[in-house]
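Q: Residue numbers (the working numbering): 2 to 122.
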């Protein structure tokens, strides 16, 4: 008789795991940010610099240093930079291409004579 041993939860006795040996699949290394993302981030940095320049004016009671520059800084820091980081590039997916091909094939078939299962004498 074999003595009973306690197993960890989720581990089945008597089965061994096999690991696939061989060449590992190549990972597609691509940078997540595209040119459009960098353009948005650069525009945000320019807007932030303009906001700080406007804030540096000597006028304490003026509209530009007390109202306009904080609005520019807020838009730069809280809107444009996060949007530039989170925006995903527009790219055609393979599903879209196969759907477009299926639509084209359907249009070609519909131009031909209709197919019918009715037998005529």
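Beta carbons are placed, not taken as given, at the ideal position from N, Cα and C, and that holds for glycine.
1. In angstroms, rounded to a whole number, what distance separates the CA positions of residue 32 and residue 25?
2. Would you mind sorting residue 45 into buried or exposed? The rule is 16 or more other CB atoms within 10 Å of its CB.
3. Give the straight-line distance between the Cα atoms of residue 37 and residue 86, rounded to the nearest whole angstrom.
4. Hey, would you say residue 82 sits closer than 8 Å to residue 116, going by beta carbons?
A: In terms of the structure at hand:
1. Numbered from 1 along the chain shown, position 31 holds the residue referred to as residue 32. Numbered from 1 along the chain shown, position 24 holds the residue referred to as residue 25. Cα to Cα, residue 32 sits roughly 21 Å from residue 25.
2. The residue labelled residue 45 in the question sits at position 44 within the chain shown. By the neighbour-count rule (16 or more Cβ atoms within 10 Å), residue 45 is buried.
3. What you label residue 37 is simply residue 36 of the chain shown in a count that begins at 1. What you label residue 86 is simply residue 85 of the chain shown in a count that begins at 1. Approximately 10 Å, taken between the alpha carbons.
4. Here the question's residue 82 lines up with position 81 in the chain shown. Here the question's residue 116 lines up with position 115 in the chain shown. Contact flag unset, no.
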